[in-house]
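Residue numbers (UniProt numbering): 1 to 437. Comments concern the structure below.
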């Protein structure tokens, strides 16, 4: 390794750690670190120009339009009252289980994920209804909040998922349709594992089943919810069937969800549109800026041979893929505890993807693996955004939810091991439709 490369590496790591420690925003931290590292090989003016060019080319991709459009569709669905309809459907499915309202929370978060893709959006839309309902029925507030926290990130695995779209773009164009297909079985396994833990917890506590539901209520609930669930069929059916691309599908999702919210459910008015659009624009802008910055950082890391060095270090520990993948999971779980998912992906996808592909792991499978690792991080202190949002919604202190969260974390990690070591869990559907390697 040349002296310039060593200096680039030292400068990059030093600036990132120092900037994070000083509380500098992630985008500025990564951008300044990249410029500083690039200066080890180029003059200041040329370094700034290189970083700017890499930022622009990093987001100069038509496929990136899918991200803000899907985020906007999710916002419209949330404000338009779609969550209430999905909660009613979830109650039909699991209302006769012990602790029915906790199971309903999990199923509703899973279903809302199919139209939202946002962990915080699901936590607010579903948890805002289900946590107070559980409290009113005598459920432990900390447990009710923990269930909502653990289940809200399922929407980041089950499509349409902004997190998977981001991975596709950061990994060099991994098929979005393939990633969407890969998310279904893991997403359902996560929901079932959480319900398994919830069943025994609520049965031990003696939490009640819900009353029997009449056929009239079933009919009314299904009629109200079918248009919302129809969005999933249209979007995924169109993408998988080749009728339209993921970007075109995202625009259709916006038009469809806006029509539902304004004219069918009528729970959203014209005066809500500026706020809903503004929130989506702000969220998408933050992510796109981070992606642009990460493109320049990825280029710098490749010049410094960081992916090769990390891979060599891991292979130096062991050439057994089981051990290397286990170490990658441990590292990602640790990173997820201290870093939000978006910047973590921006930094570690370019480093880890070449390593896992050496062992024959499909980039689609790795997309689900890294996304779910960082989803678990959303539920853990000290920086878990889903944890703090859920506790705010449930009006309980963070310390009180740690104990009920522990068995739910164990269930999540069990599914993570399946995703890691049983390829068909993620790859069966993509291979069925011809999207695997």
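Beta carbons: idealized from backbone N, C-alpha and C, even for Gly.
{"Query": "With a cut-off of 8 Å on the beta carbons, I'd call residue 88 and residue 225 a contact; round off their distance for me.", "Result": "7 Å"}
{"Query": "Could you pull the start and end residues of the alpha helix (DSSP H) that residue 366 belongs to?", "Result": "363 to 378"}
{"Query": "Which of the three DSSP states is assigned to residue 224 in this structure?", "Result": "helix"}
{"Query": "Mind checking whether residue 267 and residue 74 have CB atoms under 8 Å apart?", "Result": "no"}
{"Query": "Is it true that the CB of residue 419 sits closer than 8 Å to the CB of residue 153?", "Result": "no"}
{"Query": "Taking the straight line between their C-alpha atoms, what separation do you get for residue 407 and residue 113?", "Result": "22 Å"}
{"Query": "Quick check on DSSP: helix, strand or coil for residue 68?", "Result": "helix"}
{"Query": "Quick one: give me the first and last residue of the alpha helix (DSSP H) that residue 119 is part of.", "Result": "119 to 125"}
{"Query": "How many angstroms separate the CA atom of residue 364 from the CA atom of residue 353?", "Result": "10 Å"}
{"Query": "Distance, Cα to Cα, residue 380 vs residue 395?", "Result": "17 Å"}
{"Query": "Residue 107 to residue 203, Cα distance in whole Å?", "Result": "18 Å"}
{"Query": "Mapping DSSP to helix, strand and coil, what is residue 130?", "Result": "helix"}
{"Query": "Between residue 227 and residue 50, what straight-line distance do the alpha-carbon atoms span, to the nearest angstrom?", "Result": "48 Å"}
{"Query": "With a threshold of 16 other CB atoms inside 10 Å of the CB of residue 134, please say whether the residue is buried or exposed.", "Result": "buried"}
{"Query": "Mind checking which residues open and close the alpha helix (DSSP H) that includes residue 438?", "Result": "Residue 438 falls outside the range modelled here, since the chain spans only 1 to 437, and no answer is possible."}
{"Query": "Taking the CB atoms as reference points, tell me whether residue 349 and residue 167 lie closer together than 8 Å.", "Result": "yes"}
{"Query": "At what residues does the alpha helix (DSSP H) containing residue 336 begin and finish?", "Result": "321 to 338"}
{"Query": "Helix, strand or coil: which one does DSSP assign to residue 137?", "Result": "coil"}
{"Query": "How about residue 54 and residue 295: are their beta carbons less than 8 Å apart?", "Result": "yes"}
{"Query": "Just the C-alpha distance for residue 47 and residue 146, rounded to the nearest angstrom, thanks.", "Result": "47 Å"}
{"Query": "Measuring only the C-alpha atoms, how far is residue 434 from residue 241?", "Result": "11 Å"}
{"Query": "For the structure I just gave you, are there three or more beta carbon pairs, one from the segment 298 to 309 and one from the segment 381 to 393, closer than 8 Å?", "Result": "no"}
{"Query": "Is the Cβ-Cβ distance between residue 70 and residue 158 less than 8 Å?", "Result": "no"}
{"Query": "Please check the pair residue 151 and residue 414, which I expect to be a contact at CB under 8 Å, by giving their CB distance rounded to whole angstroms.", "Result": "Not quite, the Cβ-Cβ distance comes to about 15 Å (not below 8 Å), so this is no contact."}
{"Query": "Give the secondary structure of residue 266 by DSSP, where H, G and I count as helix, E and B as strand, and everything else as coil.", "Result": "coil"}
{"Query": "How do the segment 272 to 280 and the segment 97 to 104 stand: do at least 3 beta-carbon pairs fall below 8 Å, yes or no?", "Result": "no"}
{"Query": "Return the residue from the list 76, 90, 18, 118 that minimises the CA-CA distance to residue 378.", "Result": "118"}
{"Query": "Three or more C-beta pairs closer than 8 Å, one from the segment 228 to 248 and one from the segment 168 to 181: is that the case here?", "Result": "yes"}
{"Query": "If you draw a straight line from the C-alpha of residue 429 to the C-alpha of residue 284, how long is it?", "Result": "29 Å"}
{"Query": "According to DSSP, simplified to helix, strand and coil, what is residue 116?", "Result": "coil"}
{"Query": "Which residues in the same chain have their Cβ closer than 7 Å to the Cβ of residue 169, if we skip the five residues on either side of it in sequence?", "Result": "61, 63, 64, 291"}
{"Query": "Is it right to say residue 320 is buried, meaning 16 or more other beta carbons lie within 10 angstroms of its own, or is it exposed?", "Result": "exposed"}
{"Query": "In the DSSP assignment, find the unbroken alpha helix (DSSP H) run with residue 275 in it and report its ends.", "Result": "273 to 303"}
{"Query": "Taking buried to mean at least 16 other C-beta atoms within 10 Å of its own C-beta, is residue 102 buried or exposed?", "Result": "buried"}
{"Query": "Since residue 162 and residue 67 should fall inside the 8 Å C-beta cutoff, what is the C-beta to C-beta distance between them, to a whole number of angstroms?", "Result": "6 Å"}
{"Query": "Suppose only complete runs of 4+ residues qualify. What are the alpha helix (DSSP H) ranges in the segment 85 to 114, listed by chain order?", "Result": "100 to 113"}
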